[in-house]
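Here the structure is laid out as structure tokens; the discussion comes afterwards.
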Amino acid sequence: GAAFGILQNQSSLFAIIAVIVGLAILVYVYQLPPEQKLIRVLLGLQLGGAMGNLIDRLTQLDEFGRGYVTDFIRIGLPGGPYWPNFNVADSAIVTGVIGLGIYVVWDDIRRQRLQEQEQDMVKANSEI
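Counted from 1, the sequence shown has number 108 at position 105 by the numbering used here; the numbering is strictly sequential.
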């Protein structure tokens, strides 16, 4: 979305992007093998967050007819700095993106280790 107020007057653009991304996620999820439950959950968080913000944009209009998202969570230190306001949908998107990033890195490391083990086994068998 319009994080930190960037492109905040582009509600139509964000609505179109949300629909395209949502459809892409659905197509991808239905092509995943059933055992990929974690990826399904992480993509579901992203999809749910995107659709939540889309619903806000379509139902909450300012005086110029532009849709907006209500950010109602505020975290910070009293009298000190505050994190930019956000909402539950934003949290779902961020959780899904960070989780997917961690999963991709972890899975890559796991695959590399398996490949190294296979190479070691082939090498050991060829020495016999």
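Just so it is clear, CB atoms sit at the ideal spot from N, CA and C, and this is done for glycine as well.
Treat the numbers as computed from the prediction; the structure is a model and nothing was measured.
Just to check my reading of the structure: residue i and residue j have Cβ atoms closer than 8 angstroms, yes? What is that Cβ distance to the nearest angstrom?
i, j, result
"A53", "V24", "6 angstroms"
"D65", "N88", "Contact doesn't hold; Cβ gap of about 17 angstroms is too wide."
"Y133", "S14", "The shown model of the chain, from 4 to 131, leaves out residue 133, and the question about it has no answer."
"G99", "L45", "5 angstroms"
"I78", "Y85", "7 angstroms"
"Y106", "I42", "7 angstroms"
What number of angstroms, rounded off, separates the C-alpha of residue i from the C-alpha of residue j?
i, j, result
"K40", "Q120", "26 angstroms"
"G4", "N56", "Below a pLDDT of 50, predicted positions are generally treated as unreliable, and G4, at 49, falls in that range; the measurement from the model is reported next regardless. About 8 angstroms."
"P36", "G104", "19 angstroms"
"D110", "F67", "47 angstroms"
"R114", "D123", "14 angstroms"
"R69", "Q63", "8 angstroms"
"V32", "I112", "23 angstroms"
"E130", "Q34", "42 angstroms"
"L80", "V97", "22 angstroms"
"Q118", "A95", "34 angstroms"
"A127", "I20", "52 angstroms"
Do you know whose CA, among the options, lies nearest residue i's CA?
i, options, result
"L26", "E38, Q49, I76 and T62", "Q49"
"V30", "Q122, K126 and G47", "G47"
"V22", "Q34, I58 and E38", "I58"
"A18", "R60, V32 and Y33", "R60"
"G51", "D93, S129, E130 and I101", "D93"
In terms of residue numbering, what span does the alpha helix (DSSP H) encompassing residue i cover?
i, result
"N56", "K40 to T62"
"E119", "V91 to S129"
"Y33", "S14 to Q34"
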